[in-house]
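**Student:**
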Amino acid sequence: MTALARASRTDRSRRRGLKGLAGALAFLCLVLFLLAIEQRHAVAAWEAVRFGAAPAVARAGSWMADGAVDGLDGLRTAVAAPDRPLAAIGEDIVLTGEFAPADEATRQTVGGATFAGASIRLENGAILRTRPLRIAAGHEAFVPGETFAHRWNAPADAQIEVRTVVPAVGEPAVGASPMCGGRPPGAVALLHRRERVDLMVFRDRAVIGPDTPASVLCGVWSFVRR
29 MTALARASRT
39 DRSRRRGLKG
49 LAGALAFLCL
59 VLFLLAIEQR
69 HAVAAWEAVR
79 FGAAPAVARA
89 GSWMADGAVD
99 GLDGLRTAVA
109 APDRPLAAIG
119 EDIVLTGEFA
129 PADEATRQTV
139 GGATFAGASI
149 RLENGAILRT
159 RPLRIAAGHE
169 AFVPGETFAH
179 RWNAPADAQI
189 EVRTVVPAVG
199 EPAVGASPMC
209 GGRPPGAVAL
219 LHRRERVDLM
229 VFRDRAVIGP
239 DTPASVLCGV
249 WSFVRR
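Residue numbering for the sequence shown follows my numbering, beginning at 29 and increasing consecutively.
(1) Would you grab the beta carbon distance between Ala146 and Thr124 for me? Rounded to a whole angstrom, and I think it's under 8 Å.
(2) Confirm, please, whether the CB-CB distance from Ala164 to Val193 is below 8 Å.
(3) Taking DSSP as the reference, what is the three-state secondary structure of Glu75?
(4) What is the DSSP secondary structure of Thr175, reduced to helix, strand or coil?
(5) With a threshold of 8 Å, are at least 3 pairs of Cβ atoms found where one atom belongs to the segment 162-179 and the other to the segment 193-213?
(6) Which runs of the beta strand (DSSP E) spanning at least 3 residues fall entirely within the segment 121-178, listed in chain order?
(7) Please state the DSSP three-state secondary structure of Val235.
(8) For Val229, write down the residues that DSSP places opposite it in a beta bridge.
(9) Thinking C-beta only, is Thr137 closer than 8 Å to Gly247?
(10) From Leu227, Val244, Arg221 and Arg231, pick the residue whose C-alpha is nearest to that of Asp185; which is it?
(11) Find out if the Cβ-Cβ distance for the pair Arg231, Phe251 is shorter than 8 Å.
(12) List the residues that DSSP assigns as beta-bridge partners of Arg191.
(13) Which value, in whole angstroms, describes the spacing of the CA atoms of Arg162 and Val190?
(14) Short of 7 Å in beta carbon distance, which residues of its chain neighbour Met228, apart from the five on each side in sequence? Order them along the chain.
(15) Pick out whichever of Arg135, Ala141 and Pro206 has its Cα sitting closest to the Cα of Glu126.
(16) How about Leu150 and Gly139: do their beta carbons lie closer than 8 Å?
(17) Report the rounded CA-to-CA distance for His167 versus Pro183, giving the unit in angstroms.
(18) Leaving out five residues before and five after Ala196 in sequence, what residues of the same chain have Cβ atoms less than 7 Å from its Cβ?
(19) Using the rule of at least 16 other Cβ atoms within 10 Å of the residue's Cβ for burial, across every protein chain shown, is Ala242 buried or exposed?
(20) Using only CA atoms, which one of Asp131, Glu132, Arg254 and Arg159 lies nearest to Arg233?
(21) Count the other C-beta atoms from every protein chain shown that fall within 10 angstroms of the C-beta of Asp239, then say buried if there are 16 or more, exposed otherwise.
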């Protein structure tokens, strides 16, 4: 074997060794990161992997190459797919759990709330079965002249989850509800901020937007995690 061939073989072995070391270090960093945060943050990481790990990793790599600007907020923006918002680090991907009223008005009118996937069960006995409709921005109006951000003291780019209320299985239509003045609830808007959830309920099947009559808003309530 010539000296040139031996040198080439040594160089290939060295590159393989460096790649293995880089992979091991990346895995170690990931483990340490997940140990440093709460379990539900690991769920967020898993969701990122499920919905496109390769693009997310590529964007995270670009974020690091640019100097990891804006800290965790910058990382969040980097890994979020353009067509699929990613929950902020520290927030649950899926809204679940029991929540207590955050204010006296909520306590007196609906009480606490239990969120389980698409179902919202209120302490006053109402059950809202929903399905996703769209994601609205905080700066959008839900009635003329009033935005989600202003009503809920939220950022203009806050992600508002808008859902349609659907009938129970086997029922032809959504039933009337006292919380909507004896009319059927038709849509809900949700803002989930860590341990707090804000909820709007609209009667009938109103299209939530700047042209929505204020009269279709059943109520606005706020909850905090128990």
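Every residue, glycine too, gets a C-beta built ideally from N, C-alpha and C.
**Tutor:** To lay it out plainly:
(1) For the purposes of this step, residue 146 is identified with residue 118 of the sequence shown, where counting begins at 1. For the purposes of this step, residue 124 is identified with residue 96 of the sequence shown, where counting begins at 1. So it is not a contact: roughly 11 Å between Cβ atoms.
(2) Within the sequence shown, the letter at position 165 stands for residue 193. Within the sequence shown, the letter at position 136 stands for residue 164. No.
(3) Here residue 75 corresponds to residue number 47 of the sequence shown, with the count starting at 1. Here Glu75 scores only 43 on pLDDT, less than 50, and its place in the model is too uncertain to base an answer on.
(4) Here residue 175 is taken as the residue at index 147 of the sequence shown, counted from 1. Of the three classes helix, strand and coil, the one that applies to Thr175 here is strand, per DSSP.
(5) At 8 Å Cβ cutoff, the stretches do not touch.
(6) Considered as a whole, the segment 121-178 harbours 124-129, 141-144, 147-150, 155-165 and 169-171 as its complete beta strand (DSSP E) runs of no fewer than 3 residues, in chain order.
(7) For this step, residue 235 is matched to residue 207 along the sequence shown. It is coil, neither helix nor strand.
(8) Here residue 229 is taken as the residue at index 201 of the sequence shown, counted from 1. Per DSSP, Val216 and Gly247.
(9) The count along the sequence shown starts at 1 and reaches residue 247 at position 219. The count along the sequence shown starts at 1 and reaches residue 137 at position 109. Contact flag set, yes.
(10) On the sequence shown, residue 185 is found 157 positions in, with the first residue counted as 1. Residue Arg221 holds the alpha-carbon nearest to the alpha-carbon of Asp185 among Leu227, Val244, Arg221 and Arg231.
(11) Translated into the one-based positions of the sequence shown, residue 231 becomes position 203. Translated into the one-based positions of the sequence shown, residue 251 becomes position 223. Annotated as distal: Arg231 and Phe251, with beta-carbon spacing of 8 Å or more.
(12) As a working mapping, residue 191 is identified with position 163 in the sequence shown. Paired residue(s): Pro160 and Val216.
(13) Position 134 of the sequence shown, counted from the first residue, corresponds to residue 162. Position 162 of the sequence shown, counted from the first residue, corresponds to residue 190. Roughly 5 Å separates the two Cα atoms.
(14) Within the sequence shown, the letter at position 200 stands for residue 228. Cβ contact annotation for Met228 (same chain, cutoff 7 Å, sequence separation greater than five): Phe170, Val216, Ala217, Leu245 and Val248, in chain order.
(15) Here the question's residue 126 lines up with position 98 in the sequence shown. Ranking the options by Cα distance to Glu126, first place goes to Ala141.
(16) As a position in the sequence shown, residue 150 is number 122, starting the count at 1. As a position in the sequence shown, residue 139 is number 111, starting the count at 1. In contact: Leu150 and Gly139 (Cβ atoms closer than 8 Å).
(17) In the sequence shown, counting from the first residue as 1, residue 167 sits at position 139. In the sequence shown, counting from the first residue as 1, residue 183 sits at position 155. Roughly 8 Å separates the two Cα atoms.
(18) In the sequence shown, residue 196 corresponds to position 168, counting from 1. Only Arg157 meet the Cβ criterion.
(19) By one-based count along the sequence shown, residue 242 stands at place 214. Ala242 should be labelled exposed.
(20) Position 205 of the sequence shown, counted from the first residue, corresponds to residue 233. Checked all of Asp131, Glu132, Arg254 and Arg159; the closest Cα to Arg233 is Arg159.
(21) Along the sequence shown, one-based indexing puts residue 239 at 211. Exposed, because fewer than 16 other Cβ atoms sit within 10 Å of the Cβ of Asp239.
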